[in-house]
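> Chains as they are written, first to last, in the numbering used here: chain F, 14 to 128; chain Z, 82 to 195.
Beta carbons are placed, not taken as given, at the ideal position from N, Cα and C, and that holds for glycine.
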Amino acid sequence: AQKITQTQPGMFVQEKEAVTLDCTYDTSDPSYGLFWYKQPSSGEMIFLIYQGSYDQQNATEGRYSLNFQKARKSANLVISASQLGDSAMYFCAMREGPSYDKVIFGPGTSLSVIP
Amino acid sequence: EAGVAQSPRYKIIEKRQSVAFWCNPISGHATLYWYQQILGQGPKLLIQFQNNGVVDDSQLPKDRFSAERLKGVDSTLKIQPAKLEDSAVYLCASNLWSGANVLTFGAGSRLTVL
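(1) Pick helix, strand or coil for D167(Z), following the three-state DSSP scheme.
(2) Looking at the C-beta of G119(F), does it have a partner C-beta in chain Z at a distance below 8 Å?
(3) Can you check which of these residues, S99(Z), R97(Z), E95(Z), N105(Z), is closest to A86(Z) by C-alpha distance?
(4) Could you pull out every residue in the same chain whose Cβ sits closer than 8 Å to the Cβ of R31(F), ignoring the five residues on either side in sequence?
(5) Below 6 Å CB to CB, which residues in the same chain sit around L47(F) once its five sequence neighbours on both sides are set aside?
(6) Going by DSSP in three states, G65(F) sits in which element: helix, strand or coil?
(7) Looking at the ligand PLP, does it come within less than 7 Å of P124(Z), judged from the CB to the closest heavy atom?
(8) Between L126(Z), Q122(Z), G84(Z), which has its C-alpha nearest D114(F)'s C-alpha?
(9) Decide if V135(Z) is buried, meaning its Cβ has at least 16 other Cβ atoms within 10 Å, or exposed.
(10) What do you get for I93(Z), buried or exposed, if any count of 16 or more other CB atoms within 10 angstroms of its CB means buried?
(11) To the nearest angstrom, how far is it from the Cα of A148(Z) to the Cα of I127(F)?
(12) Give the range of the beta strand (DSSP E) segment to which K196(Z) is assigned.
(13) Please list the residues of the stretch 90–121 of chain Z that have a C-beta atom closer than 9 Å to any C-beta atom in chain F, keeping them in chain order.
(14) May I ask you to report which of helix, strand or coil DSSP gives L120(Z)?
(15) Strictly below 8 Å CB to CB, what residues from chain Z border F63(F)?
(16) List the residues of chain Z that K115(F) touches, going by C-beta distances under 7 Å, in chain order.
(17) Indicate whether at least one CB of chain Z lies closer than 8 Å to the CB of F25(F).
(18) Using the rule of at least 16 other Cβ atoms within 10 Å of the residue's Cβ for burial, across every protein chain shown, is R150(Z) buried or exposed?
(19) For a contact defined as C-beta to C-beta under 7 Å, what are the partners of M58(F) on chain Z?
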């Protein structure tokens, strides 16, 4: 069963604007972690941000923030002030359980930043 | 610190041939993952090691894929015999322990099966 859903296969955003990439997940485990990774055309997977299920505050890392709505089981990535270099595939991922559990990825969203 | 090393970066083989990929994780990282990423899709977990033990291999096609992590350090993923649908990028990732907040990925090994 699909546990990570990213409903936006492709997104466009104007340079310097903010954009939200959607991610919903499904788990019955009270302890889990959520990740976002960026994959540019070069193919490398770049870690962006992490949110633990027990974290009280939404995670932020520079221009990246994670809008964590636990009751809705959503973990949307917000990129502020988009740059041309933000054009890439973005993957949401989840680890269930506190340890020794696999990390599964969603299908990804392709983001294109328009000058 | 040195990153996750993978080789070869590219490999082209014919169907029914065999291929092996190697991964050297970051020093001290106990958990190692192999993912298969088919073009246009998200990475799919094939196998997860904790030190030299297998934690999860539920999605590994065991009739043709095998993986080992001797001595709990580097790892090898083998495909024998390869099929056309095995064409993908094989990504290796590691983290300090399986509950750590960051997986660090290697550059990947791109396999083309003709």
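In terms of the structure at hand:
(1) If DSSP states are grouped into helix, strand and coil, D167(Z) belongs with the helices.
(2) With a threshold of 8 Å between beta carbons, G119(F) makes contact with chain Z.
(3) N105(Z)
(4) The displayed chain sequence assigns Ala, not Arg, to residue 31(F). Here the set comprises V91, I92, S93, A94, S95.
(5) Q64, A88, M107
(6) Secondary structure at G65(F): strand, using DSSP grouped into helix, strand and coil.
(7) Questions concerning the ligand PLP fall outside what the structure shown contains, since it holds no ligand whatsoever.
(8) L126(Z)
(9) exposed
(10) exposed
(11) If you take the alpha carbons of A148(Z) and I127(F), they lie about 43 Å apart.
(12) Only positions 82 to 195 of chain Z appear in the structure, and residue 196(Z) is not among them; the question remains open.
(13) T112, Y114, Y116, Q118, G121
(14) L120(Z) falls in the coil class under three-state DSSP.
(15) Looking at the sequence itself, residue 63(F) is Tyr, so the reference to Phe does not match. Ordered by position in chain Z, the residues that pass the 8 Å Cβ test against Y63(F) are N182, V183.
(16) L126, Q129, D137
(17) no
(18) buried
(19) Residues of chain Z whose Cβ lies closer than 7 Å to the Cβ of M58(F) are, in chain order, L172, F186.
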